[in-house]
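A.B. asks: Residue 11 is where the sequence shown starts when you use my numbering, and the numbers rise one by one after that.
Here a beta-carbon is modelled for each residue, glycine too, at the ideal position from N, C-alpha and C.
Have a look at this one before I ask anything.
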Amino acid sequence: MANRIPKLIKMTVFLSRKRRGDITRIANDTMYSPSYVSRVTRGIRNNETIMNHAYRISYRRIKNSDRA
11 MANRIPKLIK
21 MTVFLSRKRR
31 GDITRIANDT
41 MYSPSYVSRV
51 TRGIRNNETI
61 MNHAYRISYR
71 RIKNSDRA
C-alpha cells in the first residue's frame with residue numbers, strides 16, 4: 011500500500027506557497043487551460059494530475075506567510 015498524500019493537504023500546501031505565474035506554468039505543463047487549472051487548485055473541480063503537479067512545484071518553497 012502506497013503512502014499517498016491526501017488531496018486536501020496538496021491543495022493547502024500549494025495555496026500557501028503559490029507564486030505569480032504558477033497557474034500558467036501548470037497549465038502549460040499539463041496541457042489544460044489556465045481557467046480549469048485555477049478551478050482545480052481552488053477545489054471547485056477534481057483532477058489528480060494537476061494537483062500532483064502543483065504540489066511538486068511548490069512543496070520545497072517557503073510559505074508566503076513566512077516571507078518578509
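What does a CB cutoff of less than 7 angstroms around Pro24 pick up in its chain, not counting 5 residues either side in sequence?
C.D. replies: Numbered from 1 along the sequence shown, position 14 holds the residue referred to as residue 24. Reading off the sequence, residue 24 comes out as Phe, not Pro. Excluding positions up to five away in sequence, the list reads Thr51, Ala64, Tyr65, Ser68.
A.B. asks: Using the Cβ count rule (16 or more neighbours within 10 Å means buried), how would you classify Met61?
C.D. replies: The residue you call residue 61 lines up with position 51 of the sequence shown. Met61 is buried by the Cβ-count criterion.
A.B. asks: May I have the straight-line CA-CA distance separating Ile54 from Ile19, to the nearest angstrom?
C.D. replies: Residue 54 sits at position 44 when you count from the first residue of the sequence shown. Residue 19 sits at position 9 when you count from the first residue of the sequence shown. Their Cα atoms are separated by approximately 15 angstroms.
A.B. asks: Using a threshold of 8 angstroms, state whether the C-beta atoms of Arg27 and Asn74 are closer than that.
C.D. replies: Your numbering for residue 27 matches position 17 in the sequence shown. Your numbering for residue 74 matches position 64 in the sequence shown. Closer than 8 angstroms, so yes.
A.B. asks: Using three-state DSSP, classify Pro16 as helix, strand or coil.
C.D. replies: Taking the first residue of the sequence shown as 1, we reach residue 16 at position 6. Pro16 falls in the coil class under three-state DSSP.
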